[in-house]
Amino acid sequence: MSSSNYILFTIIGSGIAMWLSKVLPFLLLKKFNLPKLIAEYLSFVPVVIMSSLWFSELFVQKLESLPSINWSNFWASLPGLLAAIISKNLLITVIVGIISMAIIRLI
61 MSSSNYILFT IIGSGIAMWL SKVLPFLLLK KFNLPKLIAE YLSFVPVVIM SSLWFSELFV
121 QKLESLPSIN WSNFWASLPG LLAAIISKNL LITVIVGIIS MAIIRLI
């Protein structure tokens with residue numbers, strides 16, 4: 061098999077695997093109702109994912125010292141956090157965060 065076919069099949073296979081991993085849970089959960097405890101547990105997943113992304117960008121790791129705060133990310137995240145609390149809308153939160161970071165980088 062030539063390398064171009066190998067790359068093409070790898071891309072197609074990866075796309076199918078990703079599509080199945082995204083769509084299959086929704087198809088299965090349409091037919092079943094989760095117990096309330098599991099549904100409540102799963103409701104925290106988006107918050108945990110966003111928090112882990114936020115903390116990983118907030119702190120700068122340096123070898124042989126404690127992590128330091130990335131101050132531009134910290135100051136840009138405050139308006140985004142406020143927008144998230146007030147609006148509870150992901151799109152508004154992302155737009156406010158992007159605008160905040162653009163203003164901080166401009167200054």
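Mapping to my numbering: the sequence shown position 11 is 71, numbers consecutive. By construction, the Cβ of each residue, glycine as well, lies at the ideal position given by its N, Cα and C atoms.
- With a 10 Å radius around the Cβ and a threshold of 16 neighbouring Cβ atoms, S137 comes out buried.
- F115: member of the alpha helix (DSSP H) spanning 105-118, first to last residue.
- Taking a cut-off of 8 angstroms on C-beta distances, the stretch 127-144 touches the stretch 103-118, as three or more cross pairs fall below it.
- Your pair S128 and K122 checks out as a contact, with CB atoms roughly 7 angstroms apart and the cut at 8 angstroms.
- With 16 or more other Cβ atoms inside 10 Å of its own Cβ, S160 counts as buried.
- S125 sits in coil when the DSSP states are folded into three classes, being neither helix nor strand.
- Contact between L118 and F104 is ruled out by a C-beta separation of about 20 angstroms, above the 8 angstroms threshold.
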